[in-house]
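So the sequences go chain by chain: B and E.
Using this note's numbering, the letters of the first sequence correspond one by one to residues 1 to 246.
Using this note's numbering, the letters of the second sequence correspond one by one to residues 1 to 104.
Don't be surprised by glycine CBs; every beta carbon is placed ideally from N, CA and C.
Inspection log for the structure reproduced underneath, given as structure tokens.
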Amino acid sequence: VPQTCDWRKATNIISSIKNQGSCRCCWAIAAADNIQALWRIKYHQFVDVSVQELLDCDRCGNGCKGGFVWDAYITVLNNSGLASEKDYPFQGHQKPHKCLAKKYKKVAWIQDFTMLSSNEQAIARYLAIHGPITVTINMKLLQHYQKGVIKATPSSCDPRLVDHSVLLVGFGKEKGGMQTGTVLPHSSKPRRSIPFWILKNSWGAQWGEKGYFRLYRGNNTCGITKYPVTALVSPPAKKPPISCPP
Amino acid sequence: DSLLTKDAGPRPLELKEVFKLFQIQFNRSYSNPAEYTRRLGIFAHNLAQAQWLQREDLGSAEFGETPFSDLTEEEFGQLYGHQRALERIPNMAKKVESENWGES
Numbered sequence: 001v002p003q004t005c006d007w008r009k010a011t012n013i014i015s016s017i018k019n020q021g022s023c024r025c026c027w028a029i030a031a032a033d034n035i036q037a038l039w040r041i042k043y044h045q046f047v048d049v050s051v052q053e054l055l056d057c058d059r060c061g062n063g064c065k066g067g068f069v070w071d072a073y074i075t076v077l078n079n080s081g082l083a084s085e086k087d088y089p090f091q092g093h094q095k096p097h098k099c100l101a102k103k104y105k106k107v108a109w110i111q112d113f114t115m116l117s118s119n120e121q122a123i124a125r126y127l128a129i130h131g132p133i134t135v136t137i138n139m140k141l142l143q144h145y146q147k148g149v150i151k152a153t154p155s156s157c158d159p160r161l162v163d164h165s166v167l168l169v170g171f172g173k174e175k176g177g178m179q180t181g182t183v184l185p186h187s188s189k190p191r192r193s194i195p196f197w198i199l200k201n202s203w204g205a206q207w208g209e210k211g212y213f214r215l216y217r218g219n220n221t222c223g224i225t226k227y228p229v230t231a232l233v234s235p236p237a238k239k240p241p242i243s244c245p246p
Numbered sequence: 001d002s003l004l005t006k007d008a009g010p011r012p013l014e015l016k017e018v019f020k021l022f023q024i025q026f027n028r029s030y031s032n033p034a035e036y037t038r039r040l041g042i043f044a045h046n047l048a049q050a051q052w053l054q055r056e057d058l059g060s061a062e063f064g065e066t067p068f069s070d071l072t073e074e075e076f077g078q079l080y081g082h083q084r085a086l087e088r089i090p091n092m093a094k095k096v097e098s099e100n101w102g103e104s
């Protein structure tokens, strides 16, 4: 497992930060971003895939009322792929629309989807070799998060109550030293270096670290290891074409 | 310069001034004075909560004002979380049999 990995540094792999607005579709955005990134890594085709298709064609028909990433992958399999965002654009309406998947050419598809082990080393290895994956976390601490690495305990962020899906795009280690930024007198605790995950959220770029946030890596912070799920976008390749920039 | 007084350094911004800046930054307006007062109270509570989180966090995270600082924790969870059925969702490996066989 490399020391650091940041798929944002690879050209044209990670798309811009989306904003789900009042539509509870983090699960669809995370799955679409996962498929899009894997497609770009495997085929070097810079597709923008439709989130709205996942909402309108979801088997539960919940649209903006919430859902699960695995339902999104099942929708992609059932519809033989995803239309482009351009053809089938995100509306963010509360009630689901009729499924229009058959109307549009598919620009990306998947062979399968899989859940990874809950071992954070194994997740890091898979991420560095194959690309970004989706994870589902307890989002409780994110409401007031501004920047830095969140290191929580099960009592401050229950790892069993996961309720928000995001895209895991990398990992690294923050140098030790005093806490940066506006230091409150009692908060300047000396720190050892802090291993962290880098996650892409869907709440717009005004939130967090330009739409991203970081969680401590190594103690299942906020339940990050509970549902590590990813699409499989091509038959197992012998040698991945590119690996994650350090 | 209205914040500077001769005999002291800059005094911290009044809560209402901070809230005003929040409203401008995140384009917030409230339908009536009662709603404004209620949101101001929620905002003050959330800033205090962010300071508590800052103390409690074991990493390097910083907490404070965000686009969601005028929402209660419940409102935030309803707006942005998907349903909390996840802790009961069957393990992916298990085959889920439906009671009435043949149901799609």
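{"Item": "Rounded to the nearest angstrom, what separates lysine 173 (chain B) and tryptophan 197 (chain B) at their Cα positions?", "Value": "9 Å"}
{"Item": "Can you give the Cα-Cα distance for proline 44 (chain B) and lysine 16 (chain E), rounded to whole angstroms?", "Value": "According to the sequence as given, residue 44 (chain B) is histidine; it is not proline. Cα to Cα, histidine 44 (chain B) sits roughly 51 Å from lysine 16 (chain E)."}
{"Item": "I'd like to know whether the C-beta atoms of glycine 170 (chain B) and arginine 192 (chain B) end up nearer to each other than 8 Å.", "Value": "no"}
{"Item": "Say whether chain E places a C-beta atom closer than 8 Å to the C-beta of isoleucine 129 (chain B).", "Value": "no"}
{"Item": "I'd like to know if alanine 48 (chain E) contacts chain C, where contact means its C-beta is closer than 8 Å to some C-beta of that chain.", "Value": "Absence of chain C from the displayed structure is noted, the protein chains being B and E."}
{"Item": "Determine the extent of the beta strand (DSSP E) in which alanine 231 (chain B) is found, giving its start and end residues.", "Value": "229 to 232"}
{"Item": "Which parts of the stretch 75 to 119 of chain B are runs of the alpha helix (DSSP H), unbroken and 4 residues or longer, counting only runs that do not cross its ends?", "Value": "none"}
{"Item": "Based on Cα-Cα distance, which residue from B:Cys222, B:Trp207, B:Gly67 lies nearest to phenylalanine 26 (chain E)?", "Value": "B:Trp207"}
{"Item": "Quick check on the DSSP output: the beta strand (DSSP E) that includes arginine 214 (chain B) runs from which residue to which?", "Value": "212 to 216"}
{"Item": "Whose CA, out of B:Ile29, B:Thr114, B:Gly211, B:Val149, lies closest to the CA of leucine 55 (chain B)?", "Value": "B:Ile29"}
{"Item": "List the residues of chain B whose Cβ lies closer than 8 Å to the Cβ of proline 67 (chain E), in chain order.", "Value": "Trp203, Gly204, Gln206, Trp207"}
{"Item": "Taking the beta carbon of aspartate 58 (chain B) as the centre, do at least 16 other beta carbons fall within 10 Å, making it buried, or is it exposed?", "Value": "buried"}
{"Item": "For aspartate 57 (chain E), does the count of other Cβ atoms within 10 angstroms reach 16, so buried, or fall short, so exposed?", "Value": "buried"}
{"Item": "Measure the C-alpha to C-alpha separation of proline 33 (chain E) and asparagine 46 (chain E) and round it to an integer number of angstroms.", "Value": "20 Å"}
{"Item": "Looking only at its own chain, which residues have a Cβ that is under 7 Å from the Cβ of leucine 232 (chain B), when we skip the five neighbours before and after it?", "Value": "Ile110, Gln111, Asp112, Phe113, Thr114"}
{"Item": "Can you tell me which of B:Cys23, B:Phe46, B:Gln3, B:Val162 puts its alpha carbon nearest to the alpha carbon of isoleucine 14 (chain B)?", "Value": "B:Phe46"}
{"Item": "Which chain E residues sit within Cβ distance under 8 Å of serine 22 (chain B)?", "Value": "Leu79"}
{"Item": "By how many angstroms is the C-alpha of tyrosine 30 (chain E) removed from the C-alpha of phenylalanine 22 (chain E)?", "Value": "13 Å"}
{"Item": "Where in the stretch 16 to 76 of chain E do unbroken runs of the alpha helix (DSSP H), each at least 4 residues long, occur, reported from the N-terminal end onward?", "Value": "33 to 56"}
{"Item": "Please identify the residue among B:Lys102, B:Leu215, B:His164, B:Tyr212 whose C-alpha is closest to the C-alpha of lysine 65 (chain B).", "Value": "B:His164"}
{"Item": "Would you say histidine 93 (chain B) lies against chain E (beta-carbon separation less than 8 Å)?", "Value": "no"}
{"Item": "Measure the alpha-carbon distance for glutamate 62 (chain E) versus tyrosine 212 (chain B) and round it to whole angstroms.", "Value": "14 Å"}
{"Item": "Assess, as a yes-or-no matter, whether the stretch 215 to 225 of chain B is touched by the stretch 151 to 159 of chain B under the definition of 3 or more beta carbon pairs within less than 8 Å.", "Value": "yes"}
{"Item": "Check the C-beta distance from serine 50 (chain B) over to serine 84 (chain B) and give it rounded, since I have them as a contact under 8 Å.", "Value": "6 Å"}
{"Item": "May I have a chain-ordered list of the alpha helix (DSSP H) segments no shorter than 4 residues that lie completely inside the stretch 30 to 65 of chain B?", "Value": "52 to 56"}
{"Item": "Going by DSSP, what residue range makes up the beta strand (DSSP E) through serine 165 (chain B)?", "Value": "164 to 174"}
{"Item": "Thinking C-alpha only, which one of B:Lys200, B:Lys42, B:Arg214, B:Cys244 is nearest glutamine 20 (chain B)?", "Value": "B:Lys200"}
{"Item": "Label alanine 48 (chain E) either buried or exposed according to how many other C-beta atoms from any shown protein chain fall within 10 Å of its C-beta, with 16 as the threshold for buried.", "Value": "exposed"}
{"Item": "Assign glutamine 94 (chain B) to one of two classes, buried (16 or more other C-beta atoms within 10 Å of its C-beta) or exposed (fewer than that).", "Value": "exposed"}
{"Item": "Output, in sequence order along the chain, the residues in the stretch 32 to 62 of chain E whose CB is closer than 9 Å to any CB in chain B.", "Value": "Asn46, Leu47, Gln49, Ala50, Gln51, Leu53, Gln54, Arg55, Glu56, Asp57, Leu58, Gly59, Ser60, Ala61, Glu62"}
{"Item": "8 Å is my cut-off, CB to CB: does histidine 186 (chain B) come that close to chain E?", "Value": "Only weak support is given to the placement of histidine 186 (chain B): the predicted model assigns it a pLDDT of 39, under 50, and the question is left unresolved by the model."}
{"Item": "Within the continuous beta strand (DSSP E) that includes threonine 136 (chain B), where are the two ends?", "Value": "133 to 137"}
{"Item": "Taking C-beta to C-beta, are asparagine 34 (chain B) and threonine 230 (chain B) nearer than 8 Å?", "Value": "yes"}
{"Item": "Could you work out which residues of chain B lie near glutamate 73 (chain E), taking near to mean beta carbons separated by less than 8 Å?", "Value": "Lys140, Gln143"}
{"Item": "When you compare the CB positions of alanine 149 (chain B) and serine 69 (chain E), do they come within less than 8 Å of one another, or not?", "Value": "According to the sequence shown, residue 149 (chain B) is valine rather than alanine. No, the pair does not count as a contact, with Cβ atoms beyond the cut-off."}
{"Item": "Check this for me: beta carbons of glycine 81 (chain B) and lysine 102 (chain B), under 8 Å apart or not?", "Value": "no"}
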